[in-house]
Every structure is written in structure tokens, then in C-alpha cells.
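Chemist: Each step along the sequence shown adds one to the number in this note's numbering, with nothing skipped, and position 111 is 471. Could you have a look at this structure, given as C-alpha cells, before my questions?
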Amino acid sequence: MKIVIFGLTISSSWGNGHATPYRAITKALHRQGHEVHFFEKDVPYYARHRDFESPDYCSLHLYPNWDSVRESALNIAAESDAVICASFCPEGARIADEVLALSRPVKAFYDLDTPVTLARLESGPLEYLRREQIPEFDLYLSFTGGGTLDELANSWHAKRALPLYGCVDPEVHRRVAVPPQYCCDFSYMGTYAADRQAKVETLFLEPARHLPAKTFVLAGSMYPRDWQWPANVRRFEHVGVADHSALYSSSRLTLNVTRTEMARWGYCPSGRFFEAAACGTPIVTDWFEGLDHFFDCPRDLVVA
């Protein structure tokens, strides 16, 4: 099949959880003989941290704005078997209008942020999706499962709602040699988010303060400039996907903290779960409904 994706980013893993599953999915599709085109708006903050420019398993189309690529993108989409519009794609609702007008391809929406999307849609249209567009898609793929799928069908009138959970490429995320800069007793990899910072404080920073002889690693961007952390916490502003396995392989334990909206809906394992698990690293996590759908608790995880 020929598949076209309009998404946030596949070229940069900086500050987002979209690039890693997109890479795993497109690589798997390519291996099965499918042709994949990924359209991504070329924005400065991802351009500065680009770690995936020449993929050999999908055609990456970077564009400055939708008008500049509209004609060629729609020509490719019109000849495809399936077109996927995705959450947080810049100008995504406008692109979706054009995609939904195409006659040939199956039209899907892939929501990697379903709880956030539905909560914000209650207040009005989003840049990447409007409420009335949901029933127009043939398929709504959701990063969040469980009761969210019923909500999509019954309250938002999605024709067909199915889960497409986070995933990783086992050739990228695996146990590797341990580099000294990442060696630690406890690690946390996550972009700063105000709604989960209280749990980061309780589950990560407080243990660091009480265990000064232990080594902690915190990797992630967007933390406030005046933010303070204990002396035994080693900070990395950004760890590229190529080094995620090295960090996890170097950690005796790693922490997962779930965003508030995601935890409220449940059935929402982040990609970090699968990355760490693929590296064989023990995981400490907060609880959310459906966690035991993916892992055998407490055999596979330490639930805090």
C-alpha cells in the first residue's frame, strides 16, 4: 500500500513523544512492503535538534508552510491507499479538510494525545482538529484505549475507534554497553510538564535529597531556568533517541510519571515504558487504570 502521514514530527525527538513511535511504525510498514510518505512542517526548534533526516524506510517531506506544499502533497495523497492526519500537526485541521475531500484513500486520524485532544475540543476547535471532523474520518486511531474508545464512538461519533498504542523499534531500543556519563542508580527521562512536576518532586527529587551517596540522572528539556535540583542529580538537557538505550542500560532503575489527563483516562502507556522495557531496565511508575493490561504488576513494574 501507499500510505501518507501528516504529523507533528518524525525528524526530531526533541521535546516530544511522537517521533519515536512514528519511526517504529514507518519502519515496520516499510519492511512489510508498504510505501510511506511523511509530511512535516519544518519548524526552527525541531530543525535545531534534528536527529533523523534521511530515513531509508519512508519519504520525508519537510515544508515551510502548507501553501508551499499543498499541491504536491495532495497529489501524492490522492493516489495513496490511506492518508493519516495526526494530532498536533501544524495547520492540521486545514489539511484534514483537504484530505477528507479526497475520494480514493482510506482516511484516518491518529491521536497520540487523545485525552488532551478531547478535553481541549470541549472548549472549541484546535489547530489540528475540529469536532465536526471526527465523524468524517473512516478510522480514529487512539494512543489511549479502554473507555476512551467508547467515548470516541458514543460521544464524538467516530465511525470506528481503535487503539494504536506507543511502540518502539527493538533494533534501536535494546540492551547496550554502559557509557560512564549515564551510569546511575535512578534515572528519569521526561520533558518538563507542570502537571507532573509534583510527582517528579516526590518520586525522584526527594529520594535524591535523602540519598546523597546515590547517583541520579534527569534528562529532558523545557525545565525552568531558575529550577534547582540536588547536587547528586546529573542533568542532560536532551538525550537523542540514539542514546536512549545507553541511558536506560546504564540505570539500575528508571522512573515513569504520567501526565494528569492521560492518567485520568487510563490505558495510556507512554513510549518511555516500552523503551525502558526493551532495554531490560526495571521501571518505577505511578498507577493509572489499565496499566495491568500492558504489564504484569508487580512482576514487571514497581508501582509507587
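Heads up, the beta-carbon is just placed ideally off N, CA and C, and yes, glycines get one too.
Thinking Cys445 and Phe366 are a contact (beta carbons under 8 angstroms), I'd like their distance in whole angstroms, please.
Modeler: 5 angstroms
Chemist: Among Gly640, Ala453, Met582, His378, which residue has its Cα nearest to the Cα of Ala554?
Modeler: Met582
Chemist: Could you say which of Arg490, Asp498, Ala521, Tyr406 lies nearest to Gly506 if we only look at CA atoms?
Modeler: Ala521
Chemist: Asp402 to His421, Cα distance in whole Å?
Modeler: 9 angstroms
Chemist: Taking a contact to mean a Cβ-Cβ separation below 8 angstroms, would you say Leu607 touches Met549 in this structure?
Modeler: yes
Chemist: Measure the beta-carbon distance from Pro381 to Cys544 and round it to whole angstroms, keeping in mind my assumption that it falls under 8 angstroms.
Modeler: Pro381 to Cys544, Cβ: 26 angstroms. No contact.
Chemist: Could you give the residue range of the alpha helix (DSSP H) that holds Ile455?
Modeler: According to the DSSP assignment, Ile455 belongs to the alpha helix (DSSP H) that extends over 452 to 460.
Chemist: Could you tell me whether the Cβ atoms of Thr551 and Gly580 are closer together than 8 angstroms?
Modeler: yes
Chemist: Hey, out of His570, Asn592, Ala537, Ala591, whose CA is closest to Ser610's CA?
Modeler: Ala537
Chemist: Grab the span of the beta strand (DSSP E) containing Met549 for me, first residue to last.
Modeler: 546 to 549
Chemist: Might you give, ordered along the chain, the residues of its own chain that have their beta carbon closer than 8 angstroms to the beta carbon of Ala468, omitting 5 neighbours on each side?
Modeler: Ala442, Val443, Ile444, Cys445, Phe497, Asp498, Leu499, Tyr500, Leu501
Chemist: Since I believe Ala518 is in contact with Leu512 (beta carbons under 8 angstroms), could you give me their beta-carbon distance rounded to a whole number of angstroms?
Modeler: With 8 angstroms as the limit, Leu512 and Ala518 qualify as a contact, their Cβ atoms being about 4 angstroms apart.
Chemist: Near Leu462, which residues of its chain fall below 8 angstroms by C-beta distance, leaving aside the five closest residues on each side in sequence?
Modeler: These residues qualify, in order along the chain: Leu434, Ala437, Ala438, Val443.
Chemist: Quick one: give me the first and last residue of the beta strand (DSSP E) that Asn592 is part of.
Modeler: Element bounds for Asn592: n/a, residue is neither H nor E.
Chemist: Once you ignore the five residues that flank Ala636 on each side, which residues in its own chain have a CB closer than 6 angstroms to its CB?
Modeler: Cβ contact annotation for Ala636 (same chain, cutoff 6 angstroms, sequence separation greater than five): Tyr608, Thr614, Ile643, in chain order.
Chemist: Taking contact to mean 3 or more Cβ pairs, one atom from each stretch, closer than 8 angstroms, check whether the region 584 to 598 and the region 642 to 661 are in contact.
Modeler: no
Chemist: Please classify Glu400 as buried or exposed, where buried requires at least 16 neighbouring CB atoms within 10 angstroms.
Modeler: By the neighbour-count rule (16 or more Cβ atoms within 10 Å), Glu400 is buried.
Chemist: Just to confirm, are Cys628 and Pro475 a CB contact at a threshold of 8 angstroms?
Modeler: yes
Chemist: Do Arg659 and Thr618 have their beta-carbon atoms positioned less than 8 angstroms apart in this structure?
Modeler: no
Chemist: Name the two residues that bound the continuous alpha helix (DSSP H) containing Lys387.
Modeler: Its alpha helix (DSSP H) spans residues 379 to 391.
Chemist: Using only the alpha-carbon positions, how far apart do Asp411 and Ala602 sit?
Modeler: 8 angstroms
Chemist: So, are the CB atoms of Asp529 and Arg391 less than 8 angstroms apart?
Modeler: no
Chemist: Does DSSP put Asn376 in a helix, in a strand, or in coil?
Modeler: coil
Chemist: What runs of the alpha helix (DSSP H), each 4 residues or longer, lie entirely inside the region 443 to 530?
Modeler: 452 to 460, 474 to 481, 507 to 514
Chemist: Let me know the beta strand (DSSP E) ranges lying completely inside the region 407 to 444, each 3 residues or longer, listed in chain order.
Modeler: 419 to 423
Chemist: Could you tell me whether the Cβ atoms of Ser440 and Ile370 are closer together than 8 angstroms?
Modeler: no
Chemist: Is the beta carbon of His533 less than 8 angstroms from the beta carbon of Ala638?
Modeler: yes
Chemist: Give the single residue among Trp426, Glu395, Arg408, Ser432 whose Cα lies nearest to the Cα of Pro415.
Modeler: Glu395
Chemist: Could you check what DSSP says for Leu661 in three-state terms: helix, strand or coil?
Modeler: strand
Chemist: For Lys362, which residues does DSSP report across the bridge?
Modeler: Glu395, per the DSSP bridge assignment.
Chemist: Compare the beta carbon distance of Gly650 and Gly377 with 8 angstroms and say whether it is the shorter of the two.
Modeler: no
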